[in-house]
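Residue numbers (full-length UniProt numbering): 1 to 144. Written below as structure tokens is the structure these notes are about.
Okay, here's the thing in structure tokens:
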């Protein structure tokens with residue numbers, strides 16, 4: 001049975017650490033496939049990205065070449081990998097789109113960075129990692 005590992009990638013240092021952890025997790029089983037997934041939202045500007053935790057289409061244009069480089073690097077190390085950019089038309093917390101992807105693709109583990117929002121930020125914005133922990137039907141590994 002193939003172990004499927006989803007890494008939530010937004011270009012941050014924590015998401016890069018999540019990719020490194022995915023490599024480690026993939027080596028613990030005979031067959032593993034790593035999915036590196038980015039969620040973008042239509043209609044938001046890049047200057048709100050840091051505040052909302054969402055990535056815009058403009059951000060996706062920047063991240064696409066990085067995703068291709070990550071894919072090539074992981075494949076060169078012998079990993080089976082797939083990259084995907086999901087467009088979220090609902091403009092909600094990206095965690096919802098990631099959990100939906102995980103269910104649709106029978107993902108066994110989601111690895112996501114946690115950037116440590118303050119309680120006030122969580123109240124107004126939500127937390128991607130926190131929402132994933134609440135909604136995911138598979139294992140979740142949080143990287144700090």
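We put the beta carbon where it would ideally sit given N, CA and C, even for glycine. These numbers come from a predicted model, not from an experiment.
Use the C-beta contact count for residue 22: other C-beta atoms within 10 angstroms, 16 or more gives buried, fewer gives exposed. As a working mapping, residue 22 is identified with position 22 in the chain shown. Classification of residue 22: buried, given that the 10 Å Cβ count is 16 or more.
For residue 98, tell me which candidate among 63, 129, 20 and 143 has the shortest Cα-Cα distance. Residue numbering aside, residue 98 sits at position 98 when the chain shown is read from its first letter. Out of 63, 129, 20 and 143, 129 has the C-alpha closest to the C-alpha of residue 98.
Taking the alpha helix (DSSP H) that residue 23 falls in, what are its first and last residues? Your numbering for residue 23 matches position 23 in the chain shown. Here the alpha helix (DSSP H) through residue 23 covers 13-27.
How about residue 6: is its C-beta nearer than 9 angstroms to some C-beta of chain B? No chain B is present in this structure, which holds just one protein chain.
Helix, strand or coil: how does DSSP classify residue 62 here? Taking the first residue of the chain shown as position 1, residue 62 is located at position 62. Three-state DSSP puts residue 62 in a helix.
Neighbourhood of residue 81 by C-beta distance below 8 angstroms, restricted to the same chain and skipping five residues each side: To locate residue 81, count along the chain shown from 1; it is residue 81. Taken in chain order, the residues that qualify are 33, 34, 35, 36, 70, 71, 74 and 75.
Which same chain residues, not among the five before or five after residue 138, have their C-beta less than 8 angstroms away from its C-beta? To locate residue 138, count along the chain shown from 1; it is residue 138. For residue 138, where only same-chain residues beyond five positions count, the Cβ hits under 8 angstroms are 102, 107, 108, 109 and 110.
Please return the same chain residues whose Cβ sits closer than 8 angstroms to the Cβ of residue 29, not counting the five positions on each side in sequence. The residue labelled residue 29 in the question sits at position 29 within the chain shown. If we look at residue 29 and ignore the five residues flanking it on each side, its Cβ neighbours are 3.
Go through the stretch 78-142 residue by residue and report every complete run of the beta strand (DSSP E) that reaches 3 residues or more, in order. 80-88 and 109-113
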